[in-house]
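Asks: Chain order of the listed sequences is A and B.
If you read the first sequence in the UniProt record's numbering, its first letter stands for residue 1, the second for the next number, and so on.
If you read the second sequence in the UniProt record's numbering, its first letter stands for residue 1, the second for the next number, and so on.
Glycine included, every Cβ here is placed at the ideal spot set by N, Cα and C.
Here it is, the structure in full.
2 protein chains.
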Amino acid sequence: MGEGPRTAAVMDTIRRRIGSRALAPGDRLPSIRGLAASLGVSPSTVVEAYDRLAAEGLVRSRPGSGFYAAGPVPPPGLAEIGPRLDRAVDPFWVSRQSLDADAATPKPGCGWLPAEWMPNAALRRAARGLARADDAVLSYYGGTRGPLALRRLLARGFAGEGLDIGPDRILLTGSGTQAIDLICRFLLRPGDTVLIDDPGYFNFQALLRAHRAEIVGVPYTASGPDPDRFAEVLAAHRPRLYLTNSALHNPTGATLSPAVAHRLLNAAAAHDVTIVEDDIFAEFEPEPSPRLAALDGLARVIRVGSFSKTLSASVRCGYVAAREDWIEALVDLQVATSFGGVSPVAAALVLGALGDGGYRRHLDAVRRRLARARRDAAARLDPLGIRPWLMPRGGFYLWCRLPGGRDAASVARAALRDGVVLAPGDVFSVSRTAGGFMRFNVAQMDDPRVVPVLERALATAGD
Amino acid sequence: MGEGPRTAAVMDTIRRRIGSRALAPGDRLPSIRGLAASLGVSPSTVVEAYDRLAAEGLVRSRPGSGFYAAGPVPPPGLAEIGPRLDRAVDPFWVSRQSLDADAATPKPGCGWLPAEWMPNAALRRAARGLARADDAVLSYYGGTRGPLALRRLLARGFAGEGLDIGPDRILLTGSGTQAIDLICRFLLRPGDTVLIDDPGYFNFQALLRAHRAEIVGVPYTASGPDPDRFAEVLAAHRPRLYLTNSALHNPTGATLSPAVAHRLLNAAAAHDVTIVEDDIFAEFEPEPSPRLAALDGLARVIRVGSFSKTLSASVRCGYVAAREDWIEALVDLQVATSFGGVSPVAAALVLGALGDGGYRRHLDAVRRRLARARRDAAARLDPLGIRPWLMPRGGFYLWCRLPGGRDAASVARAALRDGVVLAPGDVFSVSRTAGGFMRFNVAQMDDPRVVPVLERALATAGD
Chain A
1 MGEGPRTAAV
11 MDTIRRRIGS
21 RALAPGDRLP
31 SIRGLAASLG
41 VSPSTVVEAY
51 DRLAAEGLVR
61 SRPGSGFYAA
71 GPVPPPGLAE
81 IGPRLDRAVD
91 PFWVSRQSLD
101 ADAATPKPGC
111 GWLPAEWMPN
121 AALRRAARGL
131 ARADDAVLSY
141 YGGTRGPLAL
151 RRLLARGFAG
161 EGLDIGPDRI
171 LLTGSGTQAI
181 DLICRFLLRP
191 GDTVLIDDPG
201 YFNFQALLRA
211 HRAEIVGVPY
221 TASGPDPDRF
231 AEVLAAHRPR
241 LYLTNSALHN
251 PTGATLSPAV
261 AHRLLNAAAA
271 HDVTIVEDDI
281 FAEFEPEPSP
291 RLAALDGLAR
301 VIRVGSFSKT
311 LSASVRCGYV
321 AAREDWIEAL
331 VDLQVATSFG
341 GVSPVAAALV
351 LGALGDGGYR
361 RHLDAVRRRL
371 ARARRDAAAR
381 LDPLGIRPWL
391 MPRGGFYLWC
401 RLPGGRDAAS
411 VARAALRDGV
421 VLAPGDVFSV
431 SRTAGGFMRF
441 NVAQMDDPRV
451 VPVLERALAT
461 AGD
Chain B
1 MGEGPRTAAV
11 MDTIRRRIGS
21 RALAPGDRLP
31 SIRGLAASLG
41 VSPSTVVEAY
51 DRLAAEGLVR
61 SRPGSGFYAA
71 GPVPPPGLAE
81 IGPRLDRAVD
91 PFWVSRQSLD
101 ADAATPKPGC
111 GWLPAEWMPN
121 AALRRAARGL
131 ARADDAVLSY
141 YGGTRGPLAL
151 RRLLARGFAG
161 EGLDIGPDRI
171 LLTGSGTQAI
181 DLICRFLLRP
191 GDTVLIDDPG
201 YFNFQALLRA
211 HRAEIVGVPY
221 TASGPDPDRF
231 AEVLAAHRPR
241 LYLTNSALHN
251 PTGATLSPAV
261 AHRLLNAAAA
271 HDVTIVEDDI
281 FAEFEPEPSP
291 RLAALDGLAR
301 VIRVGSFSKT
311 LSASVRCGYV
321 AAREDWIEAL
331 VDLQVATSFG
341 GVSPVAAALV
351 LGALGDGGYR
361 RHLDAVRRRL
371 ARARRDAAAR
381 LDPLGIRPWL
391 MPRGGFYLWC
401 RLPGGRDAAS
411 VARAALRDGV
421 VLAPGDVFSV
431 SRTAGGFMRF
441 NVAQMDDPRV
451 VPVLERALAT
461 AGD
């Protein structure tokens, strides 16, 4: 008697699972009753299928304990895959290595403060407040722009910087990166050119590649992008967007000067380029510096930011401030691609913590602590011949030149083998001309392993 | 004496803000000291600029109270814009109207349960637990796949459905929609064809349009997509993806039969089509039904879901279960486009609430309550001549035919004028052949305004 179509289907199901490694050799097969229920067949059909597969040698039965996958079976189509233990040093390198490193790994290459530097007391109070919030806050998707109270608080902060806009021109998002991603979806078509700083934040490259954009770089100087090169690149490449950090530029820690800011805006206007200003490090500034968004009044500048650096990276909340018609289009895109916007629970935690009396004092203390940490880190790196390109006014980055033309990628690979995550220069450089630089996070340098590992890695990488 | 370049720049700044309506007529100009600081110029430069603008008539000074924008000024390039009060009845219509409606508006068209139906006590306990969590949970981005404990809990649930995979094949995301969006970024190129159910969840259309995909539909029957048409469409259009809900299909509430499931998988295999199975309503099922993901063992099926319908839409957390190599690629895409993955705070709240002893009992109670609500809603709609296409086994939707060939979009527009948000059939239909249907959320029908408004709207829409 041949097998019926249902038995054949059950057998195919198990064959596929073994073929795709969903069932590895030695794995127990699903229970007969369970599989029967989920496939909508009778238990006796499953028994029949398992018996036939056992006859084929694909599974084994152990009396009293059920059926197991035999094997090994070559995994069709998966042979080329495998865990990417030896990732290329590309724009994902720093993020993947630092996000997935375990808690004990020193991470001078990462882009965040140690947890004990963060305003955890304010966040805990906000979480207790959340436990008493209305059912609606706990349950619902929330409005498409995000809670009005948080948008109002942001608008008041912008007014203090000379940017006067109403809360309707602010859209809350799931993160600063998501905000930029929405803008790219709105303004870019595949093949469009986007201008970024060189060096600049590595994830801008990763994000723009996901949008299939052409990326061109402009050299970053101690007072912002080189304005002559900026104008030349605009004329030569006609980019659709320019994506930058103004205050405490990542990775250099440099600050845009007023004169450069004016020249950038004039050049952008002449070539009809939209500017996305990611202001994620703004709160680390000792005093305000020029902002493209404030100078321009959000005509062609879009301002983006988040709370990940100063409040919490775990509570995901970012924002976009832009022209009203653009915000309306971004709302549609956010609904289409995330359904709701920001989590109302996340917004409630942010609002609670920002409104906490301790938050401003906490920020003042963090700024002072970072000033000391910048000096200490520079003093510890100096004996290794590692020198800051400039001493930033604020923030947690030092962009440093390595001694003797060492290749930062080789140094970073050697340090990773010793369990330390670094941020080699070329991941920040679209032209890959920053191979002699390394970005250090001064708040992540206290572990006693960091300097010895770095010293050994420099020696390994040779001259 | 002519104005200096800095004065001119300040004047340009204010002109642009007025031109873009950042400063509306009558708005107070930024304070002199504030603008001077943010533009990096001296206060006297700002005074000079304001005086010159006053001389031009663009601003007015009021003695003792500062400077104000005069106006009106035509807003360049913004003339065609405006609040979209009269939105087209398109795939965004239901989401925008229901997400942004105020709390008191009855929303039988929306896609969620009333807040008082949700497990708020479990969520409040989870929020109190969060207030005591480690600093790391409150502060850090977290690992790229999301917290292991929650992925393990999901894997145990999948095993109970006959899908045996390890937690490494699960990626947590910011929402179920974000999970599908990541998959589309990974698998689609602009112009690729994607197959969806007709009728089917409206936001799939919005999402696919954001990816510039060509959309084709397959008629949905009481036991799943019509398998003959499915095979024909695969042969004729060669879609890259098929995007569907299996259990408690949205909007019809129908359930995929085992026979149809097998035929779909065979046809998909023959044409090398990847299937995305969005299982967001699974927990509302009275007993498990066939799952494409379980039948296929995640070889060509990708399973997607979230906790938005049963636990909280505010705490944003979704997931993808897929082939290991695909998960690895999706991780990179999620880092590029959101930086971190799911919020660790959100994952902690979900894990706390799912692990809460009350959650299973709560779900049982909700399923019983929904069974009553389905019957009650059908009984209330019956006198209006509104009849369910079928009576679903679970969930909160009734897909109903309107009487006398009424146009659902006209009925929905009339009801919206009376303050009730409905879900007209054509927003669910890529072929726009569901104009005589309406989706009702049976948990949102208790408000006494709903039936009278509906009755009036039916009368207004005429025969």
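1) Residues of the region 331-346 of chain B with a CB closer than 9 Å to any CB of chain A: list them in chain order, please.
2) Could you tell me which chain A residues have their CB closer than 8 Å to the CB of B/Arg96, listed as they occur along the chain?
3) Take A/Arg152 as the anchor and find which of A/Ala347, A/Leu187, A/Gly340 has the nearest alpha-carbon.
4) Hey, which unbroken runs of the alpha helix (DSSP H) at 4 residues or more fall wholly within the UniProt domain "HTH gntR-type" (4-72) of chain A?
5) Exposed or buried, A/Ala408, counting other C-beta atoms within 10 Å across all chains shown (16 or more means buried)?
6) Return no unless some Cβ of chain B is closer than 7 Å to the Cβ of A/His249.
7) Can you give the Cα-Cα distance for A/Ile275 and A/Ile18, rounded to whole angstroms?
8) Taking 8 Å as the limit between beta carbons, can you name the residues of its chain near B/Leu207, skipping five residues before and five after?
9) Let's test the definition: count the other Cβ atoms within 10 Å of the Cβ of B/Ser44 and tell me whether it reaches 16, buried, or not, exposed.
10) Look at the alpha carbon of B/Ala213 and the alpha carbon of A/Ser223, and state the distance between them as a whole number of angstroms.
11) To the nearest angstrom, how far is it from the Cα of B/Phe158 to the Cα of B/Thr337?
12) Assuming A/Ala377 and A/Val411 make a contact with CB atoms under 8 Å, what is their CB distance in whole Å?
13) Return the CA-CA distance between B/Gly57 and B/Gly66, expressed in angstroms with no decimal places.
14) According to the neighbour-count rule (16 or more other Cβ atoms, all chains shown, within 10 Å of its Cβ), is B/Met1 buried or exposed?
15) Ends of the beta strand (DSSP E) at B/Gly166?
16) Using a cut-off of 7 Å between C-beta atoms, extract the partners of A/His262 located in chain B.
17) Can you find the residues in the same chain that come closer than 6 Å, C-beta to C-beta, to A/Ser431, ignoring five residues on each side of it along the sequence?
18) B/Tyr141 versus chain A: which residues are under 8 Å apart at the beta carbon?
19) Consider the Cβ of B/Glu161: report whether some Cβ of chain A lies at a distance smaller than 7 Å.
20) If we count the other Cβ atoms within 10 Å of its Cβ and call it buried at 16 or more, is A/Leu448 buried or exposed?
21) Is it buried or exposed for B/Pro286, if we count other Cβ within 10 angstroms and need 16 for buried?
22) Which value, in whole angstroms, describes the spacing of the CA atoms of B/Gly305 and B/Arg169?
23) For B/Asn203, which of helix, strand or coil comes out of DSSP?
24) Using C-beta distances below 6 Å, list every residue in its chain close to A/Pro106, excluding the 5 sequence neighbours before and after it, in chain order.
25) DSSP three-state label for B/Asp446, please.
26) Measuring alpha carbon to alpha carbon, tell me which residue in A/Leu398, A/Asp226, A/Leu349, A/Ala353 is nearest A/Arg375.
27) Suppose you measure from the CA of B/Glu277 to the CA of A/Glu3; what does that come to, to the nearest Å?
28) Should A/Pro383 go down as buried or exposed, given a rule of 16 or more other Cβ atoms within 10 Å for buried?
29) Decide if B/Pro25 is buried, meaning its Cβ has at least 16 other Cβ atoms within 10 Å, or exposed.
30) Threshold first: 3 residues or longer. Then list the beta strand (DSSP E) segments lying entirely within the region 263-292 of chain B, N to C.
31) Should B/Arg300 and B/Ala268 be called a contact, given that it needs their Cβ atoms to be closer than 7 Å?
32) Among A/Arg15, A/Asp279, A/Glu48, which residue has its Cα nearest to the Cα of A/Arg6?
33) Spatial neighbours of A/Thr193 within its chain, please: CB distance less than 8 Å, with the 5 preceding and 5 following residues excluded, ordered by chain position.
34) Buried or exposed for residue 467 of chain B, going by 16 or more other Cβ atoms inside 10 Å?
35) Please name the residue in B/Asp356, B/Gly394, B/Arg132 whose C-alpha comes closest to that of B/Thr255.
36) Would you mind working out which of B/Tyr141, B/Ala121, B/Tyr220, B/Gly435 sits nearest B/Leu243, comparing C-alpha positions?
Replies: Working from what's here:
1) Val331, Asp332, Leu333, Val335, Ala336, Thr337, Ser338, Phe339, Gly340, Gly341, Val342, Ser343, Pro344, Val345, Ala346
2) If you number the second sequence from 1, residue 96 of chain B lands on position 96. In chain order: Thr144, Val331, Asp332, Val335.
3) Taking the first residue of the first sequence as position 1, residue 152 of chain A is located at position 152. Per the Cα distances, A/Ala347.
4) 5-19, 32-39, 43-56
5) Position 408 of the first sequence, counting from 1, holds the residue named residue 408 of chain A. Counting Cβ neighbours within 10 Å, A/Ala408 comes out buried, since at least 16 surround it.
6) Indexing the first sequence from 1 puts residue 249 of chain A at position 249. Not closer than 7 Å to any Cβ of chain B, the Cβ of A/His249 fails to qualify, so no.
7) Position 275 of the first sequence holds residue 275 of chain A. Position 18 of the first sequence holds residue 18 of chain A. Near 51 Å, if we compare the C-alpha coordinates of A/Ile18 and A/Ile275.
8) Reading the second sequence from its first residue, position 207 is the one you call residue 207 of chain B. Cβ neighbours of B/Leu207 beyond the five flanking positions: Thr177, Ile180, Asp181, Cys184.
9) For the purposes of this step, residue 44 of chain B is taken as the residue at position 44 of the second sequence. Answer is exposed; the Cβ neighbour count stays below 16.
10) The sequence position of residue 213 of chain B within the second sequence is 213, counting from 1. The sequence position of residue 223 of chain A within the first sequence is 223, counting from 1. When rounded, the distance between both Cα atoms is 43 Å.
11) As a working note, residue 158 of chain B is residue 158 in the second sequence. As a working note, residue 337 of chain B is residue 337 in the second sequence. So the two alpha carbons sit approximately 28 Å from each other.
12) Within the first sequence, residue 377 of chain A is the residue found at index 377, counting from 1. Within the first sequence, residue 411 of chain A is the residue found at index 411, counting from 1. About 16 Å separates the two Cβ atoms, so there is no contact after all.
13) Numbered from 1 along the second sequence, position 57 holds the residue referred to as residue 57 of chain B. Numbered from 1 along the second sequence, position 66 holds the residue referred to as residue 66 of chain B. If I take the Cα positions, the gap works out to 15 Å.
14) The residue labelled residue 1 of chain B in the question sits at position 1 within the second sequence. Residue confidence is low: B/Met1 scores 42 on pLDDT, short of 50, so the model does not pin down where it sits. Its coordinate-derived value is still stated next. That one is exposed.
15) As a working note, residue 166 of chain B is residue 166 in the second sequence. Counting along the chain, B/Gly166 falls outside any beta strand (DSSP E), and DSSP gives it neither H nor E.
16) Residue mapping note: residue 262 of chain A aligns to position 262 of the first sequence, counting from 1. By Cβ distance, chain B contributes Ala9.
17) Locating residue 431 of chain A in the first sequence gives position 431, where the first residue counts as 1. Closer than 6 Å at the Cβ level, and outside the excluded window around A/Ser431, lie Asp198, Gly217.
18) As a first step, residue 141 of chain B is located in the second sequence; it is residue number 141 there, counting from the start. Correct list: Leu99, Trp112, Ser308, Ala313, Ser314.
19) What you label residue 161 of chain B is simply residue 161 of the second sequence in a count that begins at 1. Yes, contact with chain A.
20) As a first step, residue 448 of chain A is located in the first sequence; it is residue number 448 there, counting from the start. A small fix is needed here, since residue 448 of chain A is Pro in this sequence, not Leu. A/Pro448 comes out exposed.
21) As a first step, residue 286 of chain B is located in the second sequence; it is residue number 286 there, counting from the start. Classification of B/Pro286: exposed, given that the 10 Å Cβ count is below 16.
22) To locate residue 305 of chain B, count along the second sequence from 1; it is residue 305. To locate residue 169 of chain B, count along the second sequence from 1; it is residue 169. So the two alpha carbons sit approximately 14 Å from each other.
23) As a first step, residue 203 of chain B must be located in the second sequence, where it is residue number 203. Helix.
24) Locating residue 106 of chain A in the first sequence gives position 106, where the first residue counts as 1. Only Val420, Asp447, Arg449, Val450 meet the Cβ criterion.
25) As a working note, residue 446 of chain B is residue 446 in the second sequence. Coil.
26) Working through the first sequence from its first residue, we reach residue 375 of chain A at position 375. That would be A/Leu398, whose Cα lies nearest to the Cα of A/Arg375.
27) Within the second sequence, residue 277 of chain B is the residue found at index 277, counting from 1. Within the first sequence, residue 3 of chain A is the residue found at index 3, counting from 1. Between B/Glu277 and A/Glu3, the C-alpha separation is close to 29 Å.
28) Position 383 of the first sequence holds residue 383 of chain A. Exposed.
29) Here the question's residue 25 of chain B lines up with position 25 in the second sequence. Exposed, because fewer than 16 other Cβ atoms sit within 10 Å of the Cβ of B/Pro25.
30) 274-278
31) As a working mapping, residue 300 of chain B is identified with position 300 in the second sequence. As a working mapping, residue 268 of chain B is identified with position 268 in the second sequence. Yes, the Cβ-Cβ distance between B/Arg300 and B/Ala268 is below 7 Å.
32) Within the first sequence, residue 6 of chain A is the residue found at index 6, counting from 1. Looking at the Cα atoms, A/Glu48 is the closest of the given residues.
33) Residue numbering aside, residue 193 of chain A sits at position 193 when the first sequence is read from its first letter. Closer than 8 Å at Cβ, skipping near neighbours: Ala213, Glu214, Ile215, Val216, His237, Arg238, Pro239, Arg240.
34) The first residue shown for chain B is 1 and the last is 463, placing residue 467 of chain B beyond what the model contains.
35) Position 255 of the second sequence, counting from 1, holds the residue named residue 255 of chain B. Nearest of B/Asp356, B/Gly394, B/Arg132 to B/Thr255, Cα basis: B/Gly394.
36) As a first step, residue 243 of chain B is located in the second sequence; it is residue number 243 there, counting from the start. Minimum Cα distance to B/Leu243 is reached at B/Tyr220.
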